[in-house]
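Residue numbers (the UniProt record's numbering): 1 to 467.
For glycine and all other residues, C-beta sits at the position ideal for the given N, C-alpha and C.
Note that the structure is predicted; figures quoted are calculated from it, not measured.
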Ligand SMILES: Cc1cc2nc3c(=O)[nH]c(=O)nc-3n(C[C@H](O)[C@H](O)[C@H](O)COP(=O)(O)OP(=O)(O)OC[C@H]3O[C@@H](n4cnc5c(N)ncnc54)[C@H](O)[C@@H]3O)c2cc1C
């Protein structure tokens, strides 16, 4: 029976990063993975494949719509969907191989099979062929991630009614796509297929898109998406999908009640969120307590109710984001090594990788109002940013929220090209407890889009230069 310091169940960004950090700290580590490939949701059916398709479809749209005005003459671009899917797969393969390499480099054993916790210090691994082995370990980290959330009465076949997984692998471009849920995943994948030619309608239960993100940004984002061709039905719910005809017929009802209507679509994408995944882990028998939403319950040190068993990533509370899972993986490994591992949940950026991008870190205005915190707002539009003007990519703005008394930056929200990169200026500043003035007094290279971040920080003190 193999003996380890740490066995990590699941090799998504939470699990494999935790394993690497633990190995760096001198532990003997194994990871358990039930899938044929390492990397979890993120690398195989999440972050990475979606970004490959977003990139390819964005360039297709640019070639068709933006090249001519820059004086670049090309024939109308055409889609070769199998080649685009191959491009996506090459990206997945490259990243998955990268994780395999990192496991070898850090001398981490990869145990292929389904992990089950038999209690403190014991994990059973059952391979695809049914053979089971039990490994002993000082510590166990549960990093089993999440699975798609399903809508009652609507069966996902991953062909016509798809989850994000099916939407990443459609074999032809649907002429119409109905997206259920106006969250990040629905809007990103909706963008991919709209750019490739689908007519996209998004149905959202709430009366706004991107729940949880800054409302002003979300409203502007909705207007931009509508200009791009998205149709939205907010405050509405899909209650059924009739699959009997050549096209699907979805029944939509107002969330507040009222007359139903039908919307026809070639493909329906159910993107209403994700749920923690703990199937077959043996948690109940082992005595690991779950919270009322099925997530593994942990304390501030990621410890579950069973000694020596910890949990991180999508399977525990908090934003279901790869970088949050990674940081928790690092923190728990450091805690196990006797260090002060820690995650600052106040500074976890969130990005929507559409065009324009939407990015956010820290508190929204609504959250500050609810908490009764007095704050100052500094805003700066990309229409007043020189670099954005010459590139003719002026959609969006930067918004910085600072404490009214101390000027400490409490939140930053950006809609615009490269917002997902720009947001890290604010993240680093906030991690150091910096003020809007600190940011405003930092010299920014010209001409960059980052100057809009500096100007927004200046605007907090009512002294933006270019506005
Ligand atoms: C379409 C899509 C796009 C996304 N885009 C982004 C993005 O751009 N940025 C971002 O931050 N996040 C994104 N996410 C979310 C991100 O993928 C997750 O937050 C992240 O993967 C969570 O990491 P994790 O390590 O907790 O779990 P996962 O990545 O879900 O990995 C869990 C792993 O555990 C394995 N496993 C489960 N149970 C067992 C068991 N009993 N035994 C052995 N192995 C087991 C699974 O097979 C899986 O490999 C996206 C998600 C989707 C679906």
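Any non-hydrogen atom of ligand 1 within 8 Å of residue i CB
i, result
"residue 320", "yes"
"residue 119", "no"
"residue 421", "no"
"residue 327", "no"
"residue 173", "no"
"residue 298", "no"
"residue 211", "no"
"residue 317", "no"
"residue 12", "yes"
"residue 314", "yes"
"residue 128", "no"
"residue 279", "yes"
"residue 168", "yes"
"residue 274", "yes"
"residue 42", "yes"
Coarse secondary structure for residue i, derived from DSSP in three states
i, result
"residue 4", "strand"
"residue 424", "helix"
"residue 77", "coil"
"residue 267", "strand"
"residue 16", "helix"
"residue 383", "helix"
"residue 139", "strand"
"residue 284", "helix"
"residue 468", "There is no way to answer for residue 468, as the model of the chain reaches only from 1 to 467."
"residue 176", "strand"
"residue 307", "coil"
"residue 378", "strand"
"residue 182", "coil"
"residue 21", "helix"
"residue 190", "helix"
"residue 64", "helix"
"residue 87", "helix"
"residue 146", "strand"
"residue 462", "coil"
"residue 151", "coil"
"residue 390", "helix"
"residue 33", "strand"
Same chain, Cβ closer than 6 Å to residue i, five either side skipped, listed in chain order
i, result
"residue 383", "394"
"residue 19", "8, 29, 31, 108"
"residue 207", "234, 235"
"residue 41", "12, 145"
"residue 536", "This structure leaves residue 536 out entirely; the chain is present only between 1 and 467."
"residue 398", "380, 414, 452, 453, 456"
Contacting residues, own chain, Cβ-Cβ under 7 Å from residue i (five flanking each side not counted)
i, result
"residue 167", "189, 269"
"residue 74", "63, 67"
"residue 427", "347, 349, 361"
"residue 328", "14, 302, 312, 313, 343"
"residue 433", "408"
"residue 127", "112, 113"
Proximity of residue i and residue j at Cβ, strictly below 9 Å
i, j, result
"residue 355", "residue 58", "yes"
"residue 418", "residue 455", "no"
"residue 460", "residue 377", "yes"
"residue 53", "residue 13", "no"
"residue 114", "residue 125", "yes"
"residue 25", "residue 170", "no"
"residue 266", "residue 163", "no"
"residue 451", "residue 386", "yes"
"residue 296", "residue 278", "yes"
"residue 151", "residue 298", "no"
"residue 274", "residue 320", "yes"
"residue 523", "residue 120", "With the chain running from 1 to 467 in the structure shown, residue 523 is simply not present."
"residue 134", "residue 123", "yes"
"residue 232", "residue 194", "no"
"residue 368", "residue 401", "yes"
"residue 372", "residue 345", "no"
"residue 202", "residue 184", "no"
"residue 142", "residue 283", "yes"
"residue 56", "residue 105", "no"
"residue 46", "residue 16", "no"
Cut-off 8 Å between Cβ atoms - residues of its own chain near residue i, not counting five sequence neighbours on either side
i, result
"residue 240", "153, 154, 250, 251"
"residue 423", "349, 351, 359, 360, 361, 412, 414"
"residue 340", "334"
"residue 444", "450, 451, 453, 454"
"residue 215", "208, 364, 365, 366"
Counting only runs of 4+ residues fully inside the segment 313 to 372, write out the alpha helix (DSSP H) ranges in chain order.
-> 322 to 336, 365 to 371
What runs of the beta strand (DSSP E), each 3 residues or longer, lie entirely inside the segment 89 to 127?
-> 109 to 112, 114 to 119, 122 to 126
For the segment 195 to 249, which segments carrying the alpha helix (DSSP H) assignment without a break, of at least 4 residues, lie completely within its bounds, in sequence order?
-> 215 to 228
Hey, which unbroken runs of the alpha helix (DSSP H) at 4 residues or more fall wholly within the segment 413 to 459?
-> 419 to 431, 436 to 440
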